[in-house]
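Take a look at the structure below.
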Amino acid sequence: MKKFRKVLDGLTTSSPGGTIGSPSCGSAAGTPTAAPTPKEIDVQETLVSENFQLCKTVRHGFPYQPTALAFDPVQKILAIGSRSGGVRILGRPGVDCYCQHESGAAVLQLQFLINEGALVTACADDTLHLWNLRQRRPAVLHSLKFNRERITFCHLPFQSKWLYVGTERGNTHIVNIESFILSGYVIMWNKAIELSTKTHPGPVVHLSDSPKDEGKLLIGFEGGTIVQWDLRAKKADFRIYYDEAIHSVSWHHEGKQFMCSHSDGSLTLWNLRNTTKPFQVTFPHGKIQKDGRKESCKPILKVEYKTSRSSEPFVIFSGGLSYDKAGRRPALTIMHGKAITVLEMDHPIVEFMVLCETPYNNEVQEPYAVVVLLEKDLIVVDLTQSNYPVFENPYPMDIHESPVTCTAYFADCPPDIIPILYSIGAKHKKTGYSQKEWPVGGGTWTLGSHTYSEIIITGHADGSIKFWDASAFTLQMLYKLKTSKVFEKPKPGDGRAAEMGEDDPFAVQMVSWCPHSRIFCVVGISAHIILYRFSKYEANTQTVSLEVRLQCEPEDIITPSENENNPCFSEPTSHSPQTHYQHPVSPGSRTPDGAKDSVPSLKVKEKMVRVPPGYQSDLVIQLLWVDGEPPQQITSLDINSAYGLLAFGNCNGLAVVDYLQKTVILCISTLDLYGATDPYQRLTRSPRRNRQSTSGLTELTDNQQSIDMERSKSPTSVKGPGRKLSLPTDLKTDLDHVNGHCTSPTSQPCSAGKPRIPMGPEGPRLTRRGPGRPPFRKAQSAACMEISLPVSHTEGHASRRAMLQQLHGVTMYSHDEHHTTTSYCWNERESRENSFSRSRSSSVSSIDRDTKEAITTLQFGESYGRKHDALPTPCLWVGTSLGVVILIPLSIPTDHEERMEDPVTVGPSGAVLMLKGSVLRFAFLDCNGALIQSPYEVWRDLNAPEDPDRPRRRKLVHFSPSSSQDAFGEGHLAVVCSERQAKVFLMPSQSCLFVHNITESSFVLRADVVSLCNSVCLACFCANGHVMTLSLPSLRPLMDVNYLPLTDMRIARTFCFTNEGQALYLSSPTEIQRITYSQEMCDNLQEMLGELFTPIETPEAQNRGFLKGFFGGNAHTFDREELFGEAAAGKASRSLAQHIPGQGGVEGMKVAASGVVGDLARARIALDERGQRLGELEERTALMMTSAETFSKHAHELMLKCKDKKWYQF
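Anchor point for the sequence shown: position 121 equals 423 in the working numbering, and the numbering is continuous, going up by one each time.
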């Protein structure tokens, strides 16, 4: 445990810019920034590096791009393979395991070793892998890499240790599962077909052993050839040549018939008594046309032929629909007797599998369900009911129902919030599901010690919000909210959102939720904010709408000299910015030239509507169009229920709304926030440089233009004209918002204007221009400062830029290329010199580019707005993309009646602090290092019936910094983290106590102050994939792990930290990956995860009876070891396949290290039992030998006695 002593007094109290910009503030992590004085801070830091370890915990959602399916009928577990090499293994709810092949090759096929706790995977890189499922985290035991042939099909008979592997050349190899070595027994394609056949039969598409005789192997070739191979005699029993290509084969359980599906949409039934022609040919969906010909049908990709004791056989297949019906959805067809049922699916069918009561292929199958794996869903159909209902899926497979656009993660929530959300959400659940239990019920799972409540919130492209219960490593949907219901439906062709080019005008950009007050706020892509309140009662409400004109005006821009042509700002208009705050939505107006002005992008429903219990909209705030330009997207948001205030900002400025009184109390440009405390000297650009005024900024776009225009830009860059934002509508992965930064292609040129602040009840007019300040100022960009860097630095930035382009096909292009007719070009030197950097070097105090300064983060809290304040007061902390922190004091009436009537007043801007890079996060600590929570209002149901004895009043909970100060007097610590730097300031003196430069070659995407092990730390996620934690307040590095070698935009948009050492991100468009950075949780992870394998007795085979066994052949006499073993078949060629030992055994030992003693004890007991059984066997053998000798002796004596007797003497 280390004790840090830092000074409170004696620090420089000159201008904030000078203090924070001093060389000492740029020192290394934990370096004190002033000399010690008698008055000190004593902070006991308990977190050390040993408290941190990073590992994945669990993955939720539907496997992205699935390719294969398998089911263990005894263990009742399901496996799904994916194109990226992942394998998801599912059992009962809570049993959900994710495995990943190191090669990343697509999984072609999965085969369970039924009831053995193992799984074989065949991958696209022609490698077989054997996974051990008897440990909580499966690992590869063996791998076998084929060098000369490509794997096309695998088959593992039940209770066999020999795997049949078909290849693209048409050969069939046999692999020993125990040793994972090839047998010398090979069925060559030219031996399988007749010598007279002139064409190659094609790849092997089917392998199966005959139910009647395991010594007979049925081989199906793609070209239409079917061969039954006698494994003992090493010759073909029969060969079938059919005109149509074969896709699949399925046996009747008696082994006398099998069915094939073909490429022409037909099913053929073959009888082994006569293999010259099919016993039956059917076209299930091919109707006879008027000219007598059948309709052409699509291929039947798979068929399963299953028998039942009590009814007709089931024939289930996918595909086979006729071509002439355009627009028909993919379908699964169930033929049961004469009844044909077509189940239409929402997505293409990848694979399906019929679940049967018995694992034996020579018994009546008794199918009870069919698992259908779709491209974007997993469904299970109940075959035991005539209407074929589907089972209710207990897994969260619908996360991607609409593409996820943002996430939020809350650990250690109030315990009552989950039951309330579940009870309300349960009322809206779908009905019509099968009443039977979910058939995939394998594995075991217990709650363990992980008991605190966790909630994940996902925002989606269609405007919906989903609340998920994420407690104990599970995920279950609690409640769904549709934000689009607040607005009128946009009419086709007529919509301001359509003019913005928005495919998803309601898409959720960010959310803010207070679990204690149950206030919920949603920011949408159309520059709108919806405030929701929670109620357990339904109500008739009319949503109040506020319209805010937050736009800078061109007349306030310093344009280039007359020698420079700038068509973008050549005609300054005379429209003054205004703030509209009104209850009805005002009709839009147009400027004389026909451009839209003062209209919102969406129209709020004006009439009274009845809303169900749950979250009910209370207020809608929309930014307005200005002079035909759509509003800038909102980049930051904070809401405080104790204050009754909501603050938001974008690259134009800041607005604060009193949602209790439904008024706008502040609407101001970013530049006007500074007052006289502007740390930058903003000068007119030199006319000698021929640069466009707006093309100096770049933006993420879908167009492949000007790839080398700039080296790199931070994702906080905001620029370009008003353009389309294409959010992911088909599981695309575009970054439209990173931690509250405006990064989407809808970024627009933003001029630094002077919005008018209305006088009266909404607040005082702020001073817009301080003394000595020039009358005109240039706009600044969210790209912040662009300065020269050494080439060695820019190489990292260029690689980052190239990485983003390769991952998402997004390129940087200049505003000028899209929006102007005059072309400007930069030379290579200028492009390199203007590469991404946020250095606060004094050489760049003069900004000579038309950049915009965005509001990147906001935080309400009790703090000290000015240096000499004696008591903490409500303040709004504002962070900008230029690394500037501004404090705005607020005056809020404390009495309940006064709060609802008197206006909230905003004081002039107070302290100004500075960091490198765009500001990402604020947090406040007391001088003991404890986290100060934001004040909140205790939840009250506004729709509950009135109680005259207990009037409803606001109950506030405050966490004042002075309440926790004993020995140190008043004051608190402010933690500020930017894209490059973290600093700890002492308030109210505004002294910088600690500073740490987080990264030089990359930038921070997400930063949060989180609680862990009864302490707090700063957690950061960087664009280069590093996850770091820093101690507080000393900012000592505690952990730095290169977790994601190549991050992408989806991860950047959705990564979020939470308390208790947890984090999550969207690992694919359909899956949420949860991770932990807590050593304690990593140690206890094995107890929290479910067990995949449970010891179960293998069901006994049915007694076939004497006659059936005698006349039907006896499959149990077949000894594969005798045929395929090295003694009989020899060794396979070493060049054919390479055996690769896996790390499964080692990993299993590491994973089960905590239970090694128990494992050894169990192993010793097993050995003792084995020795005892061997001893008993030896005794029994000796007894049998003695008995045999006695029998032989008696037989010999009897022979001697009877040999001389005549036949008539007996």
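Just so it is clear, CB atoms sit at the ideal spot from N, CA and C, and this is done for glycine as well.
Remember, it's a predicted structure, so these values are computed and weren't measured experimentally.
query, result
"Any idea which residues DSSP pairs His564 with across the strands?", "Ile548"
"Figure out for me which residue from Gly419, Val928 and Glu404 has the closest Cα to the Cα of Glu1399.", "Gly419"
"Count the C-beta pairs between the stretch 1155-1167 and the stretch 1182-1201 that are closer than 8 Å, then say yes if the count reaches three, no if not.", "yes"
"For Gln559 and Asn573, I'd like the C-alpha separation in whole angstroms.", "5 Å"
"Between Ile379 and Gly727, how many whole angstroms is the CB-CB distance? I'm expecting something under 8 Å.", "Incorrect: roughly 28 Å between the Cβ atoms, too far for contact."
"Alpha carbon to alpha carbon, how far is Ala1484 from His1498? Give it in angstroms, no decimals.", "21 Å"
"Looking at Gln918 and Tyr834, is the spacing between their C-beta atoms short of 9 Å?", "yes"
"Assign Glu734 to one of two classes, buried (16 or more other C-beta atoms within 10 Å of its C-beta) or exposed (fewer than that).", "According to the sequence displayed, residue 734 carries Gly and not Glu. Answer is exposed; the Cβ neighbour count stays below 16."
"Using only the alpha-carbon positions, how far apart do Arg630 and Thr753 sit?", "47 Å"
"Does the distance from the CB of Val850 to the CB of Val959 come in under 9 Å?", "yes"
"Which same chain residues end up closer than 7 Å to Glu646 when comparing Cβ atoms and leaving out the 5 residues on each side of it in sequence?", "Arg631 and Ala633"
"Sort Ser512, Ile521, Arg1255 and Val673 by Cα distance to Gly472 and report the nearest one.", "Ile521"
"At which residues does the alpha helix (DSSP H) containing Tyr724 begin and terminate?", "Ile719 to Gly727"
"Look at the Cβ atom of Gly1392, then the Cβ atom of Leu443, and state whether they are nearer than 9 Å.", "no"
"By how many angstroms is the C-alpha of Asn1344 removed from the C-alpha of Ala774?", "26 Å"
"Pull up the distance between the alpha-carbon of Leu975 and that of Asp1385, whole angstroms please.", "49 Å"
"Can you list, in chain order, the residues of its chain with a C-beta nearer than 8 Å to that of Lys782? Leave out the 5 residues immediately preceding and following it.", "Gly727, His730, Ser766, Ile767, Lys768 and Phe769"
"Mapping the DSSP letters down to three states, classify Gly1167 as helix, strand or coil.", "coil"
"Output the residue ranges of the beta strand (DSSP E) runs that lie fully inside the stretch 1269-1341 and measure 3 residues or longer, sorted by chain position.", "1274-1280, 1283-1289, 1293-1299, 1306-1314, 1317-1324 and 1328-1333"
"Quick one: is His1496 near chain C, going by C-beta distance under 9 Å?", "Absent here is chain C; the protein component of the structure consists of one chain."
"Between Phe1296 and Pro1335, which are expected to be in contact by the criterion C-beta below 8 Å, what is the C-beta distance as a whole number of angstroms?", "6 Å"
"From Thr746 to Leu1387, what does the alpha carbon distance come to, in whole angstroms?", "15 Å"
"Are the stretch 441-456 and the stretch 398-418 touching, with three or more C-beta to C-beta distances below 8 Å?", "yes"
"Going by DSSP, what residue range makes up the alpha helix (DSSP H) through Asn492?", "Trp491 to Ala494"
"Indicate the three-state DSSP secondary structure (helix, strand or coil) for Ala1484 in the structure shown.", "helix"
"Which same chain residues, not among the five before or five after Gly383, have their C-beta less than 6 Å away from its C-beta?", "Thr369, Ala370, Val389, Val409 and Leu412"
"Short of 7 Å in beta carbon distance, which residues of its chain neighbour Gly622, apart from the five on each side in sequence? Order them along the chain.", "Gly567, Pro586, His587, Cys599, Lys600, Ile602 and Thr635"
"Quick one: is His554 buried, meaning 16 or more other Cβ sit within 10 Å of its Cβ, or exposed?", "buried"
"Please identify the residue among Phe616, Ser819 and Asp545 whose C-alpha is closest to the C-alpha of Pro716.", "Ser819"
"Report, in whole angstroms, the separation of the C-beta atoms of Phe460 and Asn663, which I expect to be a contact under 8 Å.", "7 Å"
"Count the other C-beta atoms from every protein chain shown that fall within 10 angstroms of the C-beta of Met1341, then say buried if there are 16 or more, exposed otherwise.", "buried"
"Where does Arg256 sit, in a helix, a strand or coil, going by DSSP?", "Outside the displayed range of the chain (303 to 1512) lies residue 256, so it cannot be described from this structure."
"Closest to Arg385 by C-alpha separation, out of Gln377, Ala426 and Gly1477, would be which residue?", "Ala426"
"Quick one: any contact between the stretch 704-712 and the stretch 804-817, if contact means 3 or more CB pairs under 8 Å?", "yes"
"Can you have a look at Ile642 and say buried or exposed, based on whether 16 or more other CB atoms are within 10 angstroms of its CB?", "exposed"
"Under the three-state reduction of DSSP, which class applies to Lys1433: helix, strand or coil?", "strand"
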